[in-house]
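One structure is given here, and the rest of the page talks about it.
In mature numbering (1 follows the signal peptide of the UniProt record, and there is no 0), the protein residues as written are -20 to -1, 1 to 102.
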């Protein structure tokens, strides 16, 4: 009986702490996470861009999608781990890539800094 009481007390404590912080109890135990990707890149004339985004895990393609300027796209049920993000602008032949460790729910903002696409975790 004492063990059940301790278990219930710990469960209540974890739930109350997770509701007050950004701690995601569901993803912590499931091994799956949801992420959001935001394209904040516009051309110098103010026109919008479309980024072709590809995700790879262990060199295997996981997801391919197009993200328009100012738009947010959600990717659900990714396994935790290291992902290679490859982005290519619609009018550019260059491919920009970065490896990001995904172990919790995050928003990844694609930005242009000095003419180079960067992936920022927010």
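The beta-carbon is built from N, C-alpha and C at its ideal position, and this holds for glycine as well.
If you're wondering where the values come from, they're calculated on a predicted model, not measured in any experiment.
Whole-number beta carbon distance between residue j and residue i, since they are thought to touch under 8 Å
i, j, result
"residue 67", "residue 97", "5 Å"
"residue 112", "residue 49", "No information on residue 112 is available, as it lies outside the stretch -20 to 102 that the chain covers here."
"residue 89", "residue 102", "5 Å"
"residue 85", "residue 20", "No, residue 85 and residue 20 are not in contact; Cβ-Cβ is about 19 Å, not under 8 Å."
"residue 36", "residue 56", "Their Cβ separation, rounded to whole angstroms, is 18 Å, which puts residue 36 and residue 56 out of contact at 8 Å."
Residue closest to residue i, alpha-carbon to alpha-carbon, out of the options
i, options, result
"residue 54", "15, 35 and 62", "15"
"residue 69", "38, 90, 100 and 31", "31"
"residue 28", "64, 41, 47 and 62", "47"
Close beta carbons around residue i, own chain, < 6 Å, minus the five adjacent residues each side
i, result
"residue 52", "16 and 18"
"residue 93", "none"
Neighbour-count burial assignment, residue i, 16 or more Cβ in a 10 Å radius
i, result
"residue 33", "buried"
"residue 79", "exposed"
"residue -14", "exposed"
"residue -12", "exposed"
"residue 58", "buried"
Assigned secondary structure, residue i (DSSP; H/G/I helix, E/B strand, else coil)
i, result
"residue 37", "strand"
"residue -19", "helix"
"residue 77", "strand"
"residue 20", "coil"
"residue -10", "helix"
"residue 44", "strand"
"residue -5", "helix"
"residue 54", "strand"
"residue 71", "coil"
"residue 49", "coil"
"residue 94", "coil"
"residue 30", "strand"
"residue 7", "With a pLDDT of only 47 at residue 7, under the threshold of 50, the placement of this residue in the model should not be trusted; the figure read from the coordinates follows. In the structure shown, residue 7 sits in a helix (DSSP, three-state: H, G or I)."
Cutoff 7 Å; reference residue i; Cβ partners in own chain excluding five residues on either side
i, result
"residue 60", "11, 13, 82 and 83"
"residue 99", "65, 78, 80, 88 and 90"
Close Cβ partners of residue i (< 8 Å) along its chain, the five nearest in sequence each way excluded
i, result
"residue 26", "none"
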